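For the protein sequence lines, the chains are A and B, in the order given.
Note that UniProt numbering has the first sequence beginning at 1, numbered continuously upward.
Note that UniProt numbering has the second sequence beginning at 1, numbered continuously upward.
Backbone N, C-alpha and C define an ideal beta-carbon position, used for all residues, glycine too.
This one's a predicted model, so the numbers in the text were calculated from it and none came from an experiment.
Data first, discussion second: the structure below is written as structure tokens.
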Amino acid sequence: LAPHRPPRDRPTPPLRGPGCRPRAPLRRCPRYIPPLRVWPMPQISASSPEQYPLNPEAFYFEYGRQSEAQPGCSVLDAAFKRYFSLIFPDYFPVTKNFELFHDILIFLDVPISLKYNLSVCAGQASLKAETVWGALRGLETFSQLVYQDDFGSFFVNKTDIEDFPRFQFRGILLDTSRHYLPVQAILKTLDAMAYSKFNVFHWHIVDDPSFPYQSQTFPDLSAKGAFHPMTHIYTQTDVQRVISYARLRGIRVLPEFDSPGHTQSWGKGQSDLLTPCYKGGTPSGAFGPVNPTLPSTYQFIARLFKEVSSVFPDSYIHLGGDEVNFFCWKSNPDVRAFMQKMGFGTDFTKLEAFYMESIVNITSTLNKTAIVWQDVFDYHELLHIWKGVPYDYTKELSRITKAGKRVVLAAPWYINHIAYGQDWRKSYTVQPLNFSGTEEQKKLVIGGEVCMWGEYVDATNLTPRLWPRASAAAERLWSDEKQTSSVEKAFPRLQDFRCKLLRRGIQAEPLYVGHCRHEYQGI
Amino acid sequence: SIRIIKKYTCLNMNYLLLIMIHIGVGLHAVGGVWPMPQISASSPEQYPLNPEAFYFEYGRQSEAQPGCSVLDAAFKRYFSLIFPDYFPGDNLSVCAGQASLKAETVWGALRGLETFSQLVYQDDFGSFFVNKTDIEDFPRFQFRGILLDTSRHYLPVQAILKTLDAMAYSKFNVFHWHIVDDPSFPYQSQTFPDLSAKGAFHPMTHIYTQTDVQRVISYARLRGIRVLPEFDSPGHTQSWGKGQSDLLTPCYKGGTPSGAFGPVNPTLPSTYQFIARLFKEVSSVFPDSYIHLGGDEVNFFCWKSNPDVRAFMQKMGFGTDFTKLEAFYMESIVNITSTLNKTAIVWQDVFDYHERIPEDTVLHIWKGVPYDYTKELSRITKAGKRVVLAAPWYINHIAYGQDWRKSYTVQPLNFSGTEEQKKLVIGGEVCMWGEYVDATNLTPRLWPRASAAAERLWSDEKQTSSVEKAFPRLQDFRCKLLRRGIQAEPLYVGHCRHEYQGI
Numbered sequence: 001l002a003p004h005r006p007p008r009d010r011p012t013p014p015l016r017g018p019g020c021r022p023r024a025p026l027r028r029c030p031r032y033i034p035p036l037r038v039w040p041m042p043q044i045s046a047s048s049p050e051q052y053p054l055n056p057e058a059f060y061f062e063y064g065r066q067s068e069a070q071p072g073c074s075v076l077d078a079a080f081k082r083y084f085s086l087i088f089p090d091y092f093p094v095t096k097n098f099e100l101f102h103d104i105l106i107f108l109d110v111p112i113s114l115k116y117n118l119s120v121c122a123g124q125a126s127l128k129a130e131t132v133w134g135a136l137r138g139l140e141t142f143s144q145l146v147y148q149d150d151f152g153s154f155f156v157n158k159t160d161i162e163d164f165p166r167f168q169f170r171g172i173l174l175d176t177s178r179h180y181l182p183v184q185a186i187l188k189t190l191d192a193m194a195y196s197k198f199n200v201f202h203w204h205i206v207d208d209p210s211f212p213y214q215s216q217t218f219p220d221l222s223a224k225g226a227f228h229p230m231t232h233i234y235t236q237t238d239v240q241r242v243i244s245y246a247r248l249r250g251i252r253v254l255p256e257f258d259s260p261g262h263t264q265s266w267g268k269g270q271s272d273l274l275t276p277c278y279k280g281g282t283p284s285g286a287f288g289p290v291n292p293t294l295p296s297t298y299q300f301i302a303r304l305f306k307e308v309s310s311v312f313p314d315s316y317i318h319l320g321g322d323e324v325n326f327f328c329w330k331s332n333p334d335v336r337a338f339m340q341k342m343g344f345g346t347d348f349t350k351l352e353a354f355y356m357e358s359i360v361n362i363t364s365t366l367n368k369t370a371i372v373w374q375d376v377f378d379y380h381e382l383l384h385i386w387k388g389v390p391y392d393y394t395k396e397l398s399r400i401t402k403a404g405k406r407v408v409l410a411a412p413w414y415i416n417h418i419a420y421g422q423d424w425r426k427s428y429t430v431q432p433l434n435f436s437g438t439e440e441q442k443k444l445v446i447g448g449e450v451c452m453w454g455e456y457v458d459a460t461n462l463t464p465r466l467w468p469r470a471s472a473a474a475e476r477l478w479s480d481e482k483q484t485s486s487v488e489k490a491f492p493r494l495q496d497f498r499c500k501l502l503r504r505g506i507q508a509e510p511l512y513v514g515h516c517r518h519e520y521q522g523i
Numbered sequence: 001s002i003r004i005i006k007k008y009t010c011l012n013m014n015y016l017l018l019i020m021i022h023i024g025v026g027l028h029a030v031g032g033v034w035p036m037p038q039i040s041a042s043s044p045e046q047y048p049l050n051p052e053a054f055y056f057e058y059g060r061q062s063e064a065q066p067g068c069s070v071l072d073a074a075f076k077r078y079f080s081l082i083f084p085d086y087f088p089g090d091n092l093s094v095c096a097g098q099a100s101l102k103a104e105t106v107w108g109a110l111r112g113l114e115t116f117s118q119l120v121y122q123d124d125f126g127s128f129f130v131n132k133t134d135i136e137d138f139p140r141f142q143f144r145g146i147l148l149d150t151s152r153h154y155l156p157v158q159a160i161l162k163t164l165d166a167m168a169y170s171k172f173n174v175f176h177w178h179i180v181d182d183p184s185f186p187y188q189s190q191t192f193p194d195l196s197a198k199g200a201f202h203p204m205t206h207i208y209t210q211t212d213v214q215r216v217i218s219y220a221r222l223r224g225i226r227v228l229p230e231f232d233s234p235g236h237t238q239s240w241g242k243g244q245s246d247l248l249t250p251c252y253k254g255g256t257p258s259g260a261f262g263p264v265n266p267t268l269p270s271t272y273q274f275i276a277r278l279f280k281e282v283s284s285v286f287p288d289s290y291i292h293l294g295g296d297e298v299n300f301f302c303w304k305s306n307p308d309v310r311a312f313m314q315k316m317g318f319g320t321d322f323t324k325l326e327a328f329y330m331e332s333i334v335n336i337t338s339t340l341n342k343t344a345i346v347w348q349d350v351f352d353y354h355e356r357i358p359e360d361t362v363l364h365i366w367k368g369v370p371y372d373y374t375k376e377l378s379r380i381t382k383a384g385k386r387v388v389l390a391a392p393w394y395i396n397h398i399a400y401g402q403d404w405r406k407s408y409t410v411q412p413l414n415f416s417g418t419e420e421q422k423k424l425v426i427g428g429e430v431c432m433w434g435e436y437v438d439a440t441n442l443t444p445r446l447w448p449r450a451s452a453a454a455e456r457l458w459s460d461e462k463q464t465s466s467v468e469k470a471f472p473r474l475q476d477f478r479c480k481l482l483r484r485g486i487q488a489e490p491l492y493v494g495h496c497r498h499e500y501q502g503i
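Laid out in structure tokens, this is it:
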């Protein structure tokens with residue numbers, strides 16, 4: 001970084017704030033207007049009109065001397081490459097005729113907590129983070145601070161930022177069962193997620209319509225349950241590619257194998273798994289939810305989840321458990337006999353709970369923490385709130401946190417439900433902690449999730465439906481709520497951010513009338 | 001060798017064009033065509049097609065012969081559409097058969113080629129097949145349009161060309177180019193270059209040069225699509241004012257100009273001189289015989305505030321009825337276009353406020369959503385005016401779910417009126433206004449939703465009255481669009497053999 005055209009024989013102009021001296025505490029930095037250019041908004045920031053030109057020929061990232069991470073750290077080595085291209089789009093090394101002002105570098109330094117600190121000064125910027133994941137967020141922020149003038153020159157302003165996420169769980173759900181999403185579409189989404197600082201990819205990988213996950217243990221599940229056994233599946237290689245691509249961007253992959261409902265496609269490749277439905281005393285030929293009465297069911301689930309647990313390294317696994325239709329269970333005499341035997345009477349929710357408890361126990365022995373949709377909230381640690389749209393989710397939050405359960409809030413962010421107009425405003429004005437409960441209860445809200453269910457979505461319309469609409473929720477989940485309470489103030493910032501997404505090749509749709517300097521060209 | 005005769009005509013049975021399609025033959029299922037042809041008979045008898053042995057040929061008695069640019073180009077295009085991903089190489093042995101396509105005009109022939117291309121299908125091993133088929137086909141309405149709005153968002157030329165491709169696949173024949181409006185003026189005028197230099201979002205990157213416009217027009221022409229330009233006035237002209245001073249009405253507040261501007265100033269002779277010169281240019285740049293003059297949603301607030309406008313009203317004897325002023329303006333510019341030998345199309349507002357418009361002016365129905373447009377149709381056709389129906393097809397208004405069903409169930413002639421009145425409905429138009437649409441989401445929002453209206457405008461209403469029967473056909477057609485590289489969104493849960501790969 002160099003101040004704008006300093007005479008070479010003069011020393012660097014004096015720094016304005018102590019924050020600009022490497023490794024000095026940030027707090028004493030003078031406060032300026034918070035930067036408009038970063039989405040989601042950093043927690044604490046100070047930027048100045050003082051502007052430094054950036055020269056791609058002389059720009060580089062470097063690990064700080066005291067940094068624990070050093071060359072060879074795969075996550076950051078890859079991130080440096082990526083962010084160089086993001087900061088200098090369309091840059092091709094050609095002329096070496098630029099006059100080099102100073103050494104230009106960003107270096108990474110050691111400690112502080114989960115946070116990152118970014119300080120941009122004349123000649124250098126320093127980024128401090130405790131973990132590589134924090135460092136990734138800091139690089140994203142830095143890349144958003146850089147802008148181009150009308151002549152294509154790059155600039156960054158003097159800036160100090162201290163930043164950390166408000167919630168630890170900031171997820172996006174993609175549904176690859178109702179429509180198959182090619183791996184490229186998933187990877188593109190992971191890129192865009194990193195730009196909005198999302199950190200959980202909730203992969204609703206299988207459901208009623210299709211089973212695209214190619215299991216090593218049960219290859220018939222996709223061979224018979226996918227839309228097409230060769231072209232519409234995720235091979236182990238595909239899955240690994242998604243996981244490692246996500247990891248390099250600081251994103252966890254949370255797989256969901258939803259049962260006992262939403263399993264029609266499972267039945268095609270695994271006989272005797274689903275409950276045969278009866279009509280007039282004989283099997284009708286139709287099948288219902290997973291059959292909870294057979295030991296073979298639990299053996300199957302144990303083997304499948306053993307595989308899933310080793311394929312997906314994340315410590316969480318999502319077990320679904322939503323929308324179980326009792327109609328078929330009720331019709332089946334074996335199920336009714338089992339209910340009798342277990343003393344459940346005619347309460348089929350007890351049967352469902354029995355099933356869910358059993359599979360939660362299976363995942364526990366695999367050292368995974370279970371997440372389930374809120375429908376069955378008796379038996380595990382972490383619940384996913386999806387009911388109560390539009391306004392009643394606050395009641396759900398009260399009720400479930402009161403029971404001491406941790407929750408992830410998804411209800412207000414089902415953005416597959418499109419509407420005409422600026423519906424991002426609704427996502428933005430959600431207040432996840434605005435429910436009646438104690439401070440302890442509030443702490444149980446570990447985050448939120450944007451859901452893009454797949455009834456009407458595939459690779460043709462996924463990206464423009466997701467972005468920048470999901471970015472509205474991203475700011476709610478990352479930033480301080482008081483600083484980001486105004487939708488009107490957010491509007492021009494989100495428009496600016498959407499233009500950045502376009503510039504990065506993300507097919508993000510417009511918020512309203514207007515234009516971006518670089519329109520989407522990928523037609 | 002088997003001889004396949006495909007009959008294809010355009011209304012009259014004078015076969016001026018005869019195209020022989022030579023196909024490779026051998027045995028296989030029935031492919032659907034969207035929009036549904038008027039009269040068709042297909043059989044389970046199946047002929048394999050061999051790309052190596054397939055060619056198009058002009059019939060001996062055809063008036064069109066090699067050198068006909070429209071069909072020469074169409075043959076090339078449809079070869080690739082029929083045989084996607086084909087690279088010359090395989091040598092299959094074949095016996096030859098043929099299909100014949102007869103049409104009165106090249107434009108009819110284009111529609112027939114489109115139909116033929118949709119009849120061809122591939123089996124699981126990639127072999128191509130077509131079934132024995134006879135089709136006689138013609139459009140129900142002559143005007144089947146799509147409106148794109150390039151003012152609220154700039155659409156790169158590529159996005160427009162892509163839309164023209166997809167329009168041809170659904171047999172649309174009018175591209176209504178709502179090229180300028182309040183937010184920006186991207187049309188680069190030769191006569192008034194300041195209009196885009198000052199009125200576009202960006203004077204260099206967000207404009208349509210003359211070359212761009214010619215490219216769109218000729219690309220459309222080769223696909224049998226007319227380009228209908230709209231220069232909407234006197235409202236919707238904020239962007240015009242930036243590059244043309246004294247064109248817009250200065251608004252007043254408390255007796256002095258407020259700095260804001262309203263609609264075009266209808267009181268100044270300079271206004272009409274400007275319009276005459278602009279429209280003279282537009283008329284020569286756009287060869288279509290129609291020109292769209294807009295005339296919708298004029299806000300009288302600013303006119304009312306302006307003392308000069310009020311004085312003009314007095315002088316003209318309009319009293320305080322500003323609709324008379326609007327009518328005066330519209331009448332003047334319709335007359336200008338008449339002298340340029342163009343037929344004017346205007347939004348219905350012009351009729352609503354004023355009936356003294358030239359006989360041949362076409363009115364564009366946009367009011368009366370959701371169900372009242374039938375009243376509008378009754379009222380305006382009763383006055384003997386020709387109309388284009390757009391009201392039920394504002395598909396920029398998105399909603400969750402299968403909203404194509406609403407577009408499909410529109411009955412354009414189901415309004416109270418005589419047979420003569422019904423004949424005045426010359427067609428319909430799907431509108432994709434640009435408030436929330438640009439090149440990022442245009443294609444998936446437009447397709448296949450617009451194709452629902454396409455069938456209503458092309459096909460026989462009785463044969464296509466069932467939405468449930470249309471559903472699997474439209475799903476199939478949507479997969480064809482994907483296969484052709486059109487980013488058409490899904491209708492519901494499911495899959496296509498070839499998913500969209502353009503990510």
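Counting contacts by CB-CB distance shorter than 7 Å, is Asn50 (chain B) in contact with chain A?
no
For residue 517 (chain B), name the three-state secondary structure that DSSP assigns.
Any question about residue 517 (chain B) goes unanswered here, given that chain B covers just 1 to 503.
Suppose you measure from the CA of Gln122 (chain B) to the CA of Val227 (chain B); what does that come to, to the nearest Å?
34 Å
Any alpha helix (DSSP H) of 4 or more consecutive residues that is wholly inside the stretch 443-501 of chain B
449-458, 467-483
Can you check whether the CB of Leu442 (chain B) is closer than 7 Å to the CB of Pro412 (chain B)?
no
Taking buried to mean at least 16 other C-beta atoms within 10 Å of its own C-beta, is Phe151 (chain A) buried or exposed?
exposed
What are the boundary residues of the alpha helix (DSSP H) that Ile359 (chain A) is part of?
348-365
Residues that Lys402 (chain A) contacts on chain B, provided the C-beta gap is smaller than 7 Å
For Lys402 (chain A), there are no neighbours in chain B by C-beta distance under 7 Å, as the nearest C-beta there is about 33 Å away.
Report the three-state DSSP secondary structure of His246 (chain B) (helix, strand or coil).
Residue identity differs from the one stated: residue 246 (chain B) is Asp in this sequence, not His. The answer is coil: DSSP assigns Asp246 (chain B) none of H, G, I, E or B.
Using only the alpha-carbon positions, how far apart do Tyr436 (chain B) and Met167 (chain B) sit?
A straight line joining the alpha-carbon of Tyr436 (chain B) with that of Met167 (chain B) spans about 21 Å.
In whole angstroms, give me the CA-to-CA distance for Glu52 (chain B) and Asp288 (chain B).
About 39 Å.
Within chain B, partners of His179 (chain A) - CB distance below 9 Å:
Under the 9 Å cutoff, chain B gives Pro490, Val493, Gly494, His495, Glu499.
Which whole-angstrom value is the C-beta distance of Phe201 (chain A) and Val253 (chain A), which I expect to be below 8 Å?
Correct: roughly 5 Å between the Cβ atoms.
As assigned by DSSP and simplified to three states, the class of Trp177 (chain B):
strand
Am I right that Thr189 (chain A) and Leu466 (chain A) are in contact with their C-beta atoms under 8 Å? What's the rounded C-beta distance?
Confirmed, Cβ separation roughly 7 Å.
When DSSP labels each residue in this structure, what does Lys81 (chain A) get in the three-state scheme?
helix
For the stretch 398-412 of chain B, which residues have a CB atom closer than 9 Å to at least one CB atom of chain A, in sequence order?
Going along the stretch 398-412 of chain B in chain order, one finds Ile398, Ala399, Tyr400, Gly401, Gln402 with a Cβ nearer than 9 Å to chain A.
Report yes or no: is there a C-beta of chain B within less than 7 Å of the C-beta of Val513 (chain A)?
yes
Which partner residues does Arg221 (chain B) have in the DSSP bridge list?
Answer is none; Arg221 (chain B) lacks a bridge partner.
Please list, in chain order, all residues of the same chain as Ala129 (chain A) whose beta carbon is under 6 Å from its beta carbon, the five residues on each side excluded.
Tyr116, Ala135, Gly138
If the cut-off is 7 Å on Cβ atoms, which residues from the stretch 441-461 of chain B count as contacting chain A, listed in chain order?
Asn441, Pro444
What beta strand (DSSP E) runs, 3 residues minimum, are completely inside the stretch 386-466 of chain A?
406-409, 445-452
In whole angstroms, give me the CA-to-CA distance for Leu248 (chain B) and Ala411 (chain A).
49 Å
In angstroms, rounded to a whole number, what distance separates the CA positions of Gly319 (chain B) and Met313 (chain B)?
6 Å
Chain B contact residues for Ile205 (chain A), given Cβ-Cβ distances below 9 Å:
The premise fails here: Ile205 (chain A) is roughly 15 Å from chain B at the closest Cβ pair, so nothing lies under 9 Å.
Bridge partners of Val346 (chain B), per DSSP?
For Val346 (chain B), which the question treats as bridged, DSSP gives the partners B:Gly294, B:Leu363.
Would Val106 (chain B) pass as a contact of Phe143 (chain B) if the rule is Cβ separation under 7 Å?
no
Please state whether the Cβ-Cβ distance between residue 526 (chain A) and Ala439 (chain B) is less than 7 Å.
With chain A represented from 1 up to 523, any question about residue 526 (chain A) goes unanswered, as that position is not in the structure.
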